[in-house]
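Below is one structure, written out as structure tokens, with a few remarks after it.
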Ligand code: Z5A
């Protein structure tokens with residue numbers, strides 16, 4: 004199954020563009036806002052992407068999301084159980100939604116993916132990073148994003164943006180050092196994987212960030228020539 008999808012993808016890349024794009028960063032960095040902005044840009048050129056979020060995106064995934072974030076029982080959750088629940092949600096999402104969408108030739112955008120696990124459970128929770136990477140590979144297989152935007156903001160900025168939220172989830176109740184490790188780990192990821200991961204200054208105005216992301220997407224997936232072709236065909 005995985006090999007078949009991979010082959011299809013390589014063959015199809017020459018015929019249709021079918022990128023898999025993920026957004027990452029600490030809570031309140033503005034990911035969800037930028038996912039919506041990118042969708043608007045894409046829809047304007049006739050591309051309707053499939054959009055998912057993690058944890059969640061499937062019936063099982065949404066149930067796991069509730070267990071992880073808001074259920075009454077979750078205060079006793081161990082870091083190991085948390086890791087496996089995030090991976091379980093992703094396993095469901097990859098097989099039920101992402102792989103079929105990519106195979107159909109759809110664009111896929113995901114609000115968080117396996118980098119969140121490397122950063123939150125690996126770096127911030129300090130679980131064995133080698134084990135975390137093995138689980139990520141086991142679950143995602145060759146479903147690796149083509150480009151990952153990491154929105155980088157400091158803690159004060161993120162907090163001020165989330166200040167109005169009345170309901171805080173379990174993941175938002177960590178000590179400050181936890182969030183410092185999250186930010187550092189995302190920056191380190193961007194330094195290590197320059198081909199895939201793009202660090203974006205998320206402290207700027209929403210429009211500026213959206214413009215930069217759209218420019219990068221157009222460049223990476225050769226959309227400018229596609230847009231010109233469509234215009235001249237009108
Ligand atoms: N987690 C994990 O530990 N391991 C994993 O493997 C996975 C996840 C997949 C998911 O939480 C939690 O699970 C997350 C990581 C963990 N926890 N933490 N901490 P979630 O899905 O509920 O939420 P989130 O992913 O952390 O995102 P968020 O809190 O919803 O924020 P966001 O998507 O980054 O930001 P936003 O919703 O676009 O913006 C937040 C506010 O800021 C909003 O009012 C916007 O209007 C405003 N905003 C956005 N951009 C700007 C700019 N540029 N300027 C000013 N204001 C802005």
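In the working numbering, the protein residues as written are 4 to 237.
Backbone N, C-alpha and C fix where the C-beta goes; we use that ideal spot for every residue, glycine too.
Asked, Found
"heavy atom of the ligand Z5A below 6 angstroms from residue 174 C-beta", "yes"
"For residue 64, three-class secondary structure by DSSP", "helix"
"Short Cβ contact (7 angstroms threshold) for residue 28 with residue 164", "no"
"Environment of residue 226 [buried if 16+ CB atoms lie within 10 Å]", "buried"
"For residue 59, the first and last residue of its enclosing alpha helix (DSSP H)", "Per DSSP, residue 59 belongs to no alpha helix (DSSP H) and is neither H nor E."
"Length of the line joining the Cα atoms of residue 235 and residue 229", "10 angstroms"
"Buried versus exposed, by CB contacts within 10 Å (16 or more), residue 118", "buried"
"Residues bridged to residue 25 [DSSP beta-bridge criterion]", "113, 151"
"Where the beta strand (DSSP E) through residue 145 begins and ends", "From DSSP, residue 145 is part of no beta strand (DSSP E); its letter is neither H nor E."
"Segment limits, alpha helix (DSSP H) that includes residue 209", "209 to 223"
"Proximity test, residue 115 beta-carbon vs the ligand MG heavy atom, cut-off 6 angstroms", "Here the bound small molecules are the ligand Z5A; the ligand MG is not part of this structure."
"For residue 101, the first and last residue of its enclosing alpha helix (DSSP H)", "From DSSP, residue 101 is part of no alpha helix (DSSP H); its letter is neither H nor E."
"Reduced DSSP secondary structure (H/G/I, E/B, other) of residue 203", "strand"
"Through-space distance from residue 162 to residue 70, alpha-carbon basis", "24 angstroms"
"Distance cut-off 6 angstroms: residue 1 Cβ against heavy atoms of the ligand Z5A", "Because residue 1 is not part of the residues shown, which for the chain are 4 to 237, the question remains open."
"Secondary structure of residue 129, DSSP reduced to three states", "coil"
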